[in-house]
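Structure record follows, encoded as structure tokens.
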Amino acid sequence: KFLEQFKDPLVYLLLAATGISLVAWFIERANAVPGAEGGEALPFDAIVIVLILIVNAVLGYIQESKAEAAVEALSSMTAPQTNVLRDGKIERINTVDVVPGDIIVLGEGDSVSADGRLFAAASLRIAEASLTGESVPVGKKTDTLAQAKALGDRANMVFNGTSVMQGTGRAIVTSTGMGTQVGKIADLLQATEDDETPLQKEMNYVSKILGSAVCIIAVVVLVALALTEGFQDVHDVIDSLLLAVSLAVAAVPEGLAAILTVVLALGVQRMAMHNAIVKKLHSVETLGSASVICSDKTGTLTRNEMTVERVVTPSGEVQLTGTGYAPEGRMVVDPQ
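Counting in this note's numbering, the sequence shown runs from 639 upward without gaps.
Okay, structure coming up:
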């Protein structure tokens, strides 16, 4: 992930400038007259460019690592432990140890840890809002379906990431991990190719223009020196090459990549203050151009938990605080 921070045309151009600067420094040192003054003891230009690139990569790596850590903390949809029936006994094991063929035992309040086929169910209702968007808990039964149906209509199946709201049931695990319906969705999201943002397209264009300009400058300077002063020996050729290369390297904006990263990082921090997590730095610029965001609401933007906020009686009103099914809250009496 750290090396991915260097996958940028502008960074490639800066790396090329670093290499050219190093070659020029070695040539200058090799052709220096012993005892003569002048010249650099170290390739300071190359060192400065490398330091800028490293700082740029570290900033991007830190911001994206923070975002990924936050996403991992939010995406803990799988129950840490699951009740299974093994050797005729109900055992509570880690969810990662559940395998196809296991019999999972479901009760009210449990989170389903794998996809499975129900073979026993008693008043079983499961909230599938996180998977299908269905706001009402779905009644489950063990009957065989006459034909293939959509995901939300498979009443004899339970799915990873959903929650048992009522009743009990037992199911044979058919798939786990990335083989579940939730896992397939995650796999599709990972397989989606990232399009270049408008800023990335502009920077790629600028990098191509700069690369062409740098080459043209070097050639023009070299030809001009050859026509005006001529080359008497190999030292004249080397000096002219060093001058042309130095001018070309000087035309490359070494600080541009770092400045862009800092600006985008500041945007990520501002978004974080509003509880919005940005996984990729360049997404900040694209998000600024968004006018409409289409998203599933139930279980995504909302909690799918009915909440009583006010009780009206003939003698007055009672305001209730708190959210969802959490037991915390207060009752504030407002007599009329």
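Cβ atoms here follow ideal geometry from the backbone N, Cα and C, with glycine treated the same way. Bear in mind that the values here come from a model prediction, so they are computed numbers and not experimental data.
Burial state of residue i, where buried means 16 or more other Cβ atoms lie within 10 Å
i      : result
PHE797 : buried
LYS778 : buried
ASP683 : buried
GLY868 : exposed
MET841 : buried
PRO775 : buried
VAL906 : buried
PRO965 : exposed
ILE687 : buried
VAL722 : buried
SER845 : buried
ARG667 : exposed
ARG808 : buried
ASP833 : exposed
ASP740 : buried
ALA856 : buried
7 angstroms CB neighbourhood of residue i in its chain, flanking five on each side removed
i      : result
GLY673 : Residue placement at GLY673 is flagged as unreliable, the pLDDT there being 49, under the threshold of 50; the coordinate-derived value follows with that caveat. Here the set comprises nothing.
THR945 : THR961, GLY962
VAL852 : ALA886, ALA889, VAL890
GLN701 : ALA903, VAL906, LEU919
THR780 : LEU756, PHE757, ALA758, ALA759, ASN794
Nearest neighbour of residue i, chosen from the options [CA to CA]
i      : options                        : result
ARG792 : GLN804, THR814, GLY893, GLN819 : GLN819
SER927 : VAL774, LEU837, ASP735, PHE644 : LEU837
VAL971 : ARG948, PRO965, ALA964         : ARG948
THR812 : GLN719, ILE742, VAL802         : ILE742
VAL736 : GLY745, ARG724, GLY747         : ARG724
ALA910 : SER929, LYS704, LEU697, ILE690 : LYS704
VAL950 : LEU783, MET969, CYS932         : MET969
LYS839 : THR780, LEU641, PRO647         : PRO647
SER747 : GLY821, PRO738, GLY805, ASP740 : Sequence check: residue 747 is Gly here, not Ser. Residue GLY805 is the option with its Cα nearest to GLY747.
THR656 : THR720, LEU689, ALA668         : LEU689
Cβ neighbours of residue i in the same chain (closer than 6 angstroms, five flanking residues each side left out)
i      : result
ASN694 : ALA895, ALA896, THR899
ALA717 : Residue confidence is low: ALA717 scores 48 on pLDDT, short of 50, so the model does not pin down where it sits. Its coordinate-derived value is still stated next. Once the five neighbours on either side are set aside, the close Cβ partners of ALA717 are THR733, SER749, SER751.
THR924 : THR835
LEU863 : SER878
Bridge partners - residue i, DSSP secondary structure assignment
i      : result
LEU756 : ALA809
ARG620 : In the structure displayed, the chain extends from 639 to 974; residue 620 sits before or after that span and is not available.
THR720 : ILE731
Sequence-distant residues of the same chain with beta carbon closer than 8 angstroms to residue i, five excluded per side
i      : result
ILE975 : Coverage of the chain is limited to positions 639 through 974, which leaves residue 975 absent and any answer about it impossible.
LEU860 : SER878, LEU879, ALA882
Interface flag, residue i vs chain B, CB-CB below 8 angstroms
i      : result
LEU904 : In the structure shown, chain B does not exist; there is a single protein chain.
Three or more C-beta pairs below 8 angstroms linking the stretch 793 to 810 and the stretch 751 to 766: Cβ pair count under 8 angstroms is three or more, so yes.
Three CB pairs or more closer than 8 angstroms across the stretch 647 to 662 and the stretch 879 to 899: The stretch 647 to 662 is in contact with the stretch 879 to 899.
Segment contact, 8 angstroms Cβ cut-off, at least three pairs: the stretch 759 to 779 with the stretch 727 to 743: Judged by Cβ distances under 8 angstroms, the stretch 759 to 779 makes no contact with the stretch 727 to 743, as fewer than three pairs qualify.
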